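Novice:
Structure below.
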């Protein structure tokens, strides 16, 4: 059973933001159609495509595109183990700043007895997070688990 066709009801003039969302959504569907998809994931993705196809106005279409894009990404990550480009980098950037950066900043502040240095740890954690995330993205690419789509 293949993916449903993306053919929204609203076919009027499109603003540039909506055009970008439509192109991004089409690119995601194309990338997923080239992969092996389980029946359960395929059914959930087709439900999201149908929701987008039912949007009647430009604003509803834009909102539904964004919601469905995110839901399809969650489905592809959890059920198919597929991720978009820079997924792990973006995720580990925040984890690095909070899990590594803030504790390092507190340690610097305590060691130097000046808590103005708390902010010093954040860019260090930022770098650590990007390094870990980039490594995991590279592994996902080598394993063939990375979709040719950007967030």
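Numbering (this note's numbering), first residue to last: 14 to 164. Ideal Cβ placement from N, Cα and C applies to all residues, glycine included. Here the structure is a predicted model, which means the values were calculated and not measured.
#1: From residue 82 to residue 93, what distance separates their C-alpha atoms?
#2: May I ask you to report which of helix, strand or coil DSSP gives residue 22?
#3: Under 8 Å, do residue 95 and residue 160 count as touching if we go by C-beta distance?
#4: Apart from the five residues on each side of it in sequence, which residues of its chain come closer than 8 Å, Cβ to Cβ, to residue 23?
#5: Using the C-alpha atoms, what's the distance from residue 140 back to residue 126?
#6: So, residue 65 versus residue 77, is the Cβ gap smaller than 8 Å?
#7: Nearest to residue 108 by CA position, among 146, 123, 52, is which residue?
#8: So what does DSSP say about residue 163, is it helix, strand or coil?
Specialist: So, from the listed chains and residues:
#1: What you label residue 82 is simply residue 69 of the chain shown in a count that begins at 1. What you label residue 93 is simply residue 80 of the chain shown in a count that begins at 1. C-alpha separation (whole angstroms): 15 Å.
#2: As a first step, residue 22 is located in the chain shown; it is residue number 9 there, counting from the start. Coil at residue 22, not helix or strand.
#3: Taking the chain shown and counting its residues from 1, the one referred to as residue 95 is at position 82. Taking the chain shown and counting its residues from 1, the one referred to as residue 160 is at position 147. For residue 95 and residue 160, yes; Cβs fall inside 8 Å.
#4: On the chain shown, position 10 is the one that residue 23 refers to. Excluding positions up to five away in sequence, the list reads 68, 69, 70, 71, 73, 74.
#5: The count along the chain shown starts at 1 and reaches residue 126 at position 113. The count along the chain shown starts at 1 and reaches residue 140 at position 127. Each residue's alpha carbon lies about 25 Å from the other.
#6: By one-based count along the chain shown, residue 65 stands at place 52. By one-based count along the chain shown, residue 77 stands at place 64. Result yes, Cβ atoms of residue 65 and residue 77 sit closer than 8 Å.
#7: By 1-based counting over the chain shown, the position of residue 108 is 95. Nearest of 146, 123, 52 to residue 108, Cα basis: 146.
#8: Looking up residue 163 in the chain shown gives position 150. The answer is strand: DSSP assigns residue 163 an E or B state.
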